[in-house]
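This note's numbering numbers the first residue of the sequence shown as 147 and each following residue consecutively.
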Amino acid sequence: MSREKSDPSSIILDAALETIFTDKISGARLRQVARNAGMSQGNLHYYFPTKDELYRSLLDHLLDIFVDERKTILEDQTIPPRDKLCYFFEQQIQLIQRQKEVVIFFDFWVQGTADEEIRRKISGMYQKWRQDVKGVIDQGIQEGEFSGIQASLIPALLASIMDGASLQYRMDETAIDLQDYFNTAYKMILAMLTLD
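Below, the structure written as structure tokens:
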């Protein structure tokens, strides 16, 4: 991320992350965010004049985290497509286990049903994610590792598998073993990508 940890904006975003994780978007208050950031509410308003502006910046911050974490892996042409595809599953396991970002993302996801700007941002995140998956698949097709028969279906299918696991696990951590679930999903996707 481009923000330094000592940057007041980053401190505020981290405090907002903690506050929303505890109180959810509907219950979070700017005075609590300011308290968690160790500053006055007036100082917070200097950086984020409105609650909406703060929350939209926090959503951007979360979406940047998701993209930045996989960027290096996807850009490395020495990593085989199968390993890059596996990374999407590994990243999701790590994300689910961190809990905070997933819980807050789904809170924003619900807000996006009523707020067009939030919906647009989340839709853009899914679009970028599908493009990243498609790029890995295209690399695999070019290198002869994957067939293109079902390739167009995989990006959206993967998003559904990932979100479905996130929701189930967050509601009941005993419902599924994440490692087994994603190992099985990875094998299923590989089988689809290697059909002749």
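Ideal placement from N, C-alpha and C gives every residue a C-beta, glycine not left out.
Boundaries (first-last residue) of the alpha helix (DSSP H) holding residue i
i, result
"Gly173", "154-173"
"Ile295", "Run containing Ile295: none; DSSP gives neither H nor E here."
"Ile283", "262-288"
"Ser186", "Neither: Ser186 is in no alpha helix (DSSP H) and is coded neither H nor E."
"Gln237", "227-244"
"Ile300", "300-317"
C-alpha distance - residue i paired with residue j, whole-angstrom precision
i, j, result
"Glu215", "Asp284", "21 Å"
"Leu132", "Arg228", "Outside the displayed span of the chain (147 to 342) sits residue 132, for which this structure offers no information."
"Asp210", "Gln257", "19 Å"
"Leu304", "Val179", "35 Å"
"Ser186", "Val249", "27 Å"
"Ile242", "Asp153", "27 Å"
"Arg177", "Gln277", "39 Å"
"Met308", "Glu291", "23 Å"
"Met147", "Arg175", "No answer about Met147 holds up, because its pLDDT of 40 lies below 50 and its placement is not dependable."
"Gln296", "Met338", "6 Å"
"Gln245", "Ala311", "13 Å"
"Leu341", "Leu299", "13 Å"
"Ile157", "Thr165", "12 Å"
"Lys269", "Arg181", "Note that residue 269 is Ser in the sequence shown, not Lys. Taking the straight line from one Cα to the other gives about 32 Å."
"Pro301", "Lys280", "6 Å"
Residues of its chain near residue i, where Cβ-Cβ distance is below 8 Å and the 5 sequence neighbours each way are ignored
i, result
"Glu221", "none"
"Tyr332", "Leu231, Cys232, Phe235"
"Ser293", "Ile287, Leu339, Thr340, Leu341, Asp342"
"Arg265", "Gly258, Thr259"
Cut-off 6 Å between Cβ atoms - residues of its own chain near residue i, not counting five sequence neighbours on either side
i, result
"Leu159", "Leu204, His207"
"Val282", "Pro227, Lys230, Leu231"
"Lys170", "Asp253"
Three-way DSSP call (helix, strand, coil) for residue i in this model
i, result
"Leu208", "helix"
"Leu341", "coil"
"Ile335", "helix"
"Gln223", "coil"
"Thr320", "coil"
"Thr259", "coil"
"Thr196", "coil"
Chain-order list of residues whose beta-carbon lies under 7 Å from that of residue i (same chain, five-residue window excluded)
i, result
"Glu355", "Outside the shown range of the chain (147 to 342) lies residue 355, about which nothing can therefore be said."
"Leu163", "Leu204, Lys246, Ile250"
Near the ligand MN: residue i beta-carbon under 7 Å from a heavy atom
i, result
"Ser186", "Looking for the ligand MN in the displayed structure turns up nothing, as the structure carries no ligands at all."
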